[in-house]
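Each remark here refers to the structure printed beneath this line.
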Amino acid sequence: MKQLIQGLHEFQTNYFTTHRELFELLSQGQHPRVLFITCSDSRIDPNLITQTKPGEMFIIRNAGNIIPPYGATNGGEGAAVEYAIHALGIEDVIVCGHSHCGAMKGLLKLSKLEEDMPMVYEWLKHAEATRRIIKEHYQSYEGEDLLNVSIQENVLNQLENLRTYPVIQSRLKAGKLQLHAWVYEIESGEVMEYNPVQGQFIPPRTQFARATWITPEQQERIFKGSYNAH
34 MKQLIQGLHE FQTNYFTTHR ELFELLSQGQ HPRVLFITCS DSRIDPNLIT
84 QTKPGEMFII RNAGNIIPPY GATNGGEGAA VEYAIHALGI EDVIVCGHSH
134 CGAMKGLLKL SKLEEDMPMV YEWLKHAEAT RRIIKEHYQS YEGEDLLNVS
184 IQENVLNQLE NLRTYPVIQS RLKAGKLQLH AWVYEIESGE VMEYNPVQGQ
234 FIPPRTQFAR ATWITPEQQE RIFKGSYNAH
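When you read off a place in the sequence shown, starting at 1, and then add 33, the result is the number in this note's numbering.
This is how it looks when you write it as structure tokens:
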């Protein structure tokens with residue numbers, strides 16, 4: 034706590050002082066253009082890895098960067114998504130997973146969590162589609178390779194879950210929204226983005242930033258080309 038209090042003091046006397054105009058502007062309202070959905074993991078700092086300022090991203094965080102399908106729960110994730118798109122006019126949605134994800138490790142041994150962490154167990158059941166894909170199509174994978182492909186497939190499945198929301202569907206149909214799948218590697222600082230044309234995760238490039246997301250009906254199952262052990 035002592036470190037946190039010291040940090041507050043440094044923020045108020047240094048950063049806030051030199052960015053006073055920004056915070057005065059933010060006090061009048063927020064106008065983010067990106068909805069950034071990522072994990073609660075303490076090693077992930079969305080603003081740090083994207084070098085964005087306060088007010089530039091609307092952020093949702095939870096264990097496993099999971100967005101339950103529309104109607105599956107009345108939790109905060111769905112409400113936050115609806116608000117971000119409808120009220121704030123968000124134009125880009127990023128689901129960002131990360132290496133060494135504890136939630137995905139838990140998903141791979143889900144039954145063992147039921148007794149010790151029942152709430153975590155129930156929450157991770159919202160990623161059942163990811164677990165099913167891993168079980169059906171990655172039986173030969175193990176260790177880090179299995180975890181990495183689980184992380185990637187989970188990010189892609191959360192984009193599919195987002196597509197079940199009426200507000201997302203309408204904006205996609207109108208061409209006013211883009212969906213992006215990222216995976217952040219903690220140890221290298223590298224971010225990989227899923228390219229639906231190539232069917233794999235590659236380094237983000239400007240020319241792909243506005244690429245139209247290919248729907249499940251337009252492509253083979255994502256598992257056929259999504260894993261890229263770079």
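Here a beta-carbon is modelled for each residue, glycine too, at the ideal position from N, C-alpha and C.
Asp125 versus Gln39, Gln233, Pro65, residue with shortest Cα-Cα distance: Locating residue 125 in the sequence shown gives position 92, where the first residue counts as 1. Nearest of Gln39, Gln233, Pro65 to Asp125, Cα basis: Pro65.
Exposed unless 16 or more other CB atoms sit within 10 angstroms - verdict on Leu157: Residue mapping note: residue 157 aligns to position 124 of the sequence shown, counting from 1. Its Cβ being crowded by 16 or more others within 10 Å, Leu157 is buried.
Which of helix, strand or coil DSSP assigns to Ile82: The sequence position of residue 82 within the sequence shown is 49, counting from 1. In this structure, Ile82 counts as helix in the three-state DSSP scheme.
Where Arg165 falls, given that 16 or more other Cβ within 10 Å makes a residue buried: As a position in the sequence shown, residue 165 is number 132, starting the count at 1. Classification of Arg165: exposed, given that the 10 Å Cβ count is below 16.
Rounded distance between the beta-carbons of Ile99 and His16, thought under 8 Å: The chain is shown only over 34 to 263; residue 16 falls outside these bounds and no answer can be derived.
Residue environment, Asn47, which counts as buried when at least 16 other CB atoms sit within 10 Å: Taking the sequence shown and counting its residues from 1, the one referred to as residue 47 is at position 14. Classification for Asn47: exposed.
Status (buried if at least 16 other CB within 10 Å, exposed otherwise) for Asp74: Start at 1 with the first residue of the sequence shown, and residue 74 comes out as number 41. Label assigned to Asp74: buried.
Sequence-distant residues of the same chain with beta carbon closer than 7 Å to Asn194, five excluded per side: Sequence index remark: in the sequence shown, residue 194 carries index 161 (1-based). Answer for Asn194: Ile100, Pro101, Pro102, listed in chain order.
Sequence-distant residues of its chain with Cβ nearer than 7 Å to Gly139 (five each side left out): Against the sequence shown, residue 139 aligns to sequence position 106. Excluding sequence neighbours, Gly139 sits near Leu146, Val153, Leu157.
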